[in-house]
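Right, one structure below, let's go through it.
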Amino acid sequence: MKLEVREIVKSFSGKEILHAISFEVESGKAMGFLGRNGAGKTTTIRCLMDVFKQDSGHFYLNGKEFDVNSVNIGYLPEERGMYQKISILDQLVYFSKLRGATHRDAVESSNYWIDRFDLSDYKKKNLETLSKGNQQKIQIAQAFLNNPEILILDEPFSGLDPINSEIFKEVIREFVNDNKLVIFSSHQMSYVEEMCDDVTLIENGHILVNQDLASLKRQYGENRVLLTADNFSNDELVHKLSDFSPEINRNGLVLNTRGQTHRQFLEYLLQNNIEIGKYGYFEPSLQDLFVKIVGEFNE
25 MKLEVREIVK SFSGKEILHA ISFEVESGKA MGFLGRNGAG KTTTIRCLMD
75 VFKQDSGHFY LNGKEFDVNS VNIGYLPEER GMYQKISILD QLVYFSKLRG
125 ATHRDAVESS NYWIDRFDLS DYKKKNLETL SKGNQQKIQI AQAFLNNPEI
175 LILDEPFSGL DPINSEIFKE VIREFVNDNK LVIFSSHQMS YVEEMCDDVT
225 LIENGHILVN QDLASLKRQY GENRVLLTAD NFSNDELVHK LSDFSPEINR
275 NGLVLNTRGQ THRQFLEYLL QNNIEIGKYG YFEPSLQDLF VKIVGEFNE
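Under the numbering used here, the residues of the sequence shown are numbered 25 to 323, in order.
Okay, here's the thing in structure tokens:
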């Protein structure tokens, strides 16, 4: 399954928010949709969900015009909102039936996700009686009802503790492995880096990046290497390898090999009596990439 976003323009009160943005998302891989607050992430998603109508441009699914009503979509909006004085089972059944499930299937799906998120003891309790963390899990559960083909998660980890975050990660991985199309919108870089194969970066309504994360890291790593030594500290290595523009990184020393192959550079290190602890291509963190790419755009 492939979702294509083509030349989407959206304005509010005469001010253009999305500037003819285009990108692609494929099933079987989670795509991290990154951007600062106000960059255009949520507006893009709302246009896709037909909450807002774009001024121009199109969405395509497998080459055909995208119709939000013809596809089973699970959507976790950034602004949470459920019924505080209704039991969690009753309202999940209600949401499931709104999406076309029979009553029997709605009850089955609701019970499954209540159990999956360890909330079976609360299924007959009103939402308002639950802790904020458990309320958040119910918000998340509604996105998975009826086994959606497309899953859109807007700031999904907000309010979750580490244990519940792990449960949620496991569920997302299952959907990805089941070849579902997953869009993960967030400004929390650590979660995107852990969960996503592809990234799309938006800044001030412009798409700056739409590619797989591994190649992006290699591109911005500029074929530098990361080194640690068993017989020298990082400070000692900075002095010893000063010809290679050394930079101390939290994981070791980053070096520019000056065009040498890995074999040639490894031989040089061994000839200089450096006992290698760790060696490999340097990959900048997603946060470092984000800061660099956005900074270059805004220069």
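Positions of the beta carbon are idealized from the N, C-alpha and C atoms, including for glycine.
May I ask you to list the residues that DSSP assigns as paired with residue i?
i	result
D11	The structure shown does not extend to residue 11, since the chain spans only 25 to 323, so no value can be given for it.
H230	E227
L113	DSSP output for L113 lists no bridge partner at all.
D178	S209
T252	K302
G98	L175
E28	E48 and Y84
E40	S35
N150	S111
Do you know offhand how far residue i's Cα is from residue j's?
i	j	result
S37	I317	29 Å
K204	D91	17 Å
L293	E173	51 Å
Y146	I112	7 Å
S133	D202	17 Å
Y107	L175	22 Å
F208	G304	29 Å
S189	Q160	11 Å
N170	V29	25 Å
L250	G319	24 Å
N258	K193	35 Å
D267	L261	11 Å
N93	E102	21 Å
A167	K88	24 Å
V206	D178	11 Å
V216	S210	7 Å
R287	G245	18 Å
L100	Q163	7 Å
E271	T68	38 Å
I110	K302	56 Å
H43	L265	46 Å
S80	G183	35 Å
H127	E307	50 Å
N96	E291	56 Å
I298	H263	13 Å
I41	F314	20 Å
C71	G98	15 Å
S120	L143	17 Å
Y59	I226	According to the sequence displayed, residue 59 carries Gly and not Tyr. Going by the C-alpha atoms only, they are around 5 Å apart.
F256	G283	24 Å
Under DSSP, the beta strand (DSSP E) around residue i begins and ends at which residues?
i	result
K302	I300 to Y305
E271	E271 to N273
F321	Unbroken run through F321 is the alpha helix (DSSP H), L310 to N322; no beta strand (DSSP E).
L184	Per DSSP, L184 belongs to no beta strand (DSSP E) and is neither H nor E.
L279	G276 to L279
Could you give the residue range of the alpha helix (DSSP H) that holds residue i?
i	result
D139	H127 to R140
Y292	H286 to Q295
A165	K156 to F168
K204	From DSSP, K204 is part of no alpha helix (DSSP H); its letter is neither H nor E.
D259	N258 to K264
Taking one C-beta from the region 234-241 and one from the region 276-290 each time, how about it: are there three or more such pairs within less than 8 Å?
Put simply, the region 234-241 does not touch the region 276-290. Fewer than three CB pairs are less than 8 Å apart.
For the pair the region 26-40 and the region 181-198, tell me if three or more CB-CB distances fall below 8 Å.
Between the region 26-40 and the region 181-198 there are fewer than three inter-stretch CB-CB distances shorter than 8 Å, so the stretches are not counted as touching.
Pair every Cβ in the region 51-61 with every Cβ in the region 221-241, then say whether three or more of these pairs are closer than 8 Å.
At 8 Å Cβ cutoff, the stretches touch.
Ignoring anything shorter than 4 residues or poking outside the region 65-95, list the alpha helix (DSSP H) runs there in chain order.
Counting only runs of 4 or more, we get 65-72.
Counting pairs of beta carbons, one from the region 63-77 and one from the region 224-236, are three or more of them closer than 8 Å?
Contact holds between the region 63-77 and the region 224-236, because three or more Cβ pairs, one in each stretch, are under 8 Å apart.
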